[in-house]
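Chemist: One structure is given below, represented as structure tokens, and several questions about it will come after.
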Amino acid sequence: MNTVTTIRDVCPTLCVAGHMHRDWLRYSVDSGFFTPADGWSVSLGLPDGKLPSWLALWAEVELAFDGIVALTGRIDHIRHSVNTKGHSLELAGRDKAGILLDCSAPIFVTQQITLPELIATVVRPLGIDTIDVDTLSTLLFQKSTVEPGMTAWEAIQDAASANGLWPWFTPDGTLKIARPDYSKAPVACLNLRCSGVGNNVLELSVTYDISKQYSTVTALSQSQGNEISQAIPILKSVATDSDTPSRPLVLRKGHIDNTQFLTNIAENIIHEGKLCSVTVMAKVQGHFVEPGVLWEPGQRVTIFSEPHEIDETFFLTKRTFIGGRFGTFTLLKLQQDNVWLST
């Protein structure tokens, strides 16, 4: 396991329509499980005051650090600014989840459909072709309805959650529907000692929060039935967390095929509450865990902090690369390990 050594500063290379640039005044690149679309932004000076002819809104982009792809997405925003110091250009956008968040899902009602089929039906009309679904954990939808006004992201998130899974995009632009892999070994150890010897974090904070924790989650729904199975007027599932003080929650869902789908939804809320009960924010130098390995959500990280009396492994749920001519660093958001969507 690495202790995170400082690796030479590497600015991101932005590739747009075959053109590459890497000398930025500043940049920021997000990636997180609970942010529907990972954002990115870069800015640079324009000595001649002219925008490059190849720049266009919604152009496909790839951001890479030292040849390692960190994000695949599109340009949402182009800003050309002029002040007494000259011209500057700012580009910003999101990964491929952006279009799923912005646009409506196709409206349909279907029977006997698998999760991979449902996901493909929703996202392929919007240009998402590379899909990886954990089919070992999925159930058959007896009936599935996408209501008018529902975004594509809402549709796939609801379908994934009913199967105890979660959607996210990998750096290469693949839509993944799966659970986190808690079997992987921690990639690094972050150290904060009172003596300062061996420290490899610039900042570290720990937050304890009960606002999303519930002692019981009662999920209610109904099944409309079909020619194969009878309608069930009331479906009910209860998930509990014995470690949380009395904080009950009752929620009502629309049509649900069976109790297992409802159980997955209730348990997900319990798991998410546990995940958010402890949050560690860390600021580290550079963007690499080790040469060739960028910080990325889904990694497990051991934290040893004497001031916080912590010595345990956490789960990386979000990271932000920030840098430019003032240097480079990464913000890490780490939360409870092996609780969210755990089997």
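Just add 843 to wherever you are in the sequence shown, counting from 1, and you've got the working numbering.
Glycine included, every Cβ here is placed at the ideal spot set by N, Cα and C.
Figure out for me which residue from ASP1154, ALA1031, LEU1092 has the closest Cα to the Cα of THR1061.
Modeler: Ranking ASP1154, ALA1031, LEU1092 by Cα distance to THR1061 puts LEU1092 first.
Chemist: Could you work out which residue in GLU1115, SER871, ARG922, GLY1129 is closest to PHE900 when comparing CA atoms only?
Modeler: Looking at the sequence shown, residue 900 is not Phe but Leu. Nearest C-alpha to LEU900: ARG922.
Chemist: In or out: HIS1130 buried (at least 16 other Cβ within 10 Å) or exposed?
Modeler: Answer is buried; the Cβ neighbour count reaches 16.
Chemist: What are the partner residues of HIS920, as DSSP defines its beta bridges?
Modeler: ALA935, per the DSSP bridge assignment.
Chemist: Please classify GLY1007 as buried or exposed, where buried requires at least 16 other C-beta atoms within 10 Å of its C-beta.
Modeler: With 16 or more other Cβ atoms within 10 Å, it is buried.
Chemist: Which of the three DSSP states, helix, strand or coil, is assigned to ARG1022?
Modeler: Note: ARG1022 maps to coil in three-state DSSP.
Chemist: Applying the criterion that 16 or more other CB atoms from any shown protein chain within 10 Å of the CB defines a buried residue, is ASP972 buried or exposed?
Modeler: With fewer than 16 other Cβ atoms within 10 Å, it is exposed.
Chemist: Under the rule that 16 or more other beta-carbon atoms within 10 Å means buried, what is ALA907, buried or exposed?
Modeler: The residue is buried, with at least 16 neighbouring Cβ atoms inside 10 Å.
Chemist: Could you tell me if THR1013 is buried or exposed, where buried requires 16 or more neighbouring beta carbons within 10 angstroms of its beta carbon?
Modeler: With 16 or more Cβ atoms within 10 Å of its Cβ, THR1013 is classed as buried.
Chemist: Assign LEU1035 to one of three DSSP states: helix, strand, or coil.
Modeler: The answer is strand: DSSP assigns LEU1035 an E or B state.
Chemist: Under 8 Å, do THR1102 and THR1083 count as touching if we go by C-beta distance?
Modeler: No, they are not a contact pair.
Chemist: Taking the alpha carbon of ASP909 as the point to measure from, which residue in ARG1168, SER1185, GLU1133, ARG1143 has its own alpha carbon closest?
Modeler: Ranking the options by Cα distance to ASP909, first place goes to GLU1133.
Chemist: Looking only at C-alpha atoms, which of LYS928, ALA1002, LEU1174 sits nearest to GLY1097?
Modeler: It is ALA1002.
Chemist: Can you check which of these residues, LEU944, ILE999, ARG917, is closest to PRO879 by C-alpha distance?
Modeler: Here the closest residue by C-alpha is LEU944.
Chemist: Mind checking which residues open and close the alpha helix (DSSP H) that includes PRO959?
Modeler: Here the alpha helix (DSSP H) through PRO959 covers 958-966.
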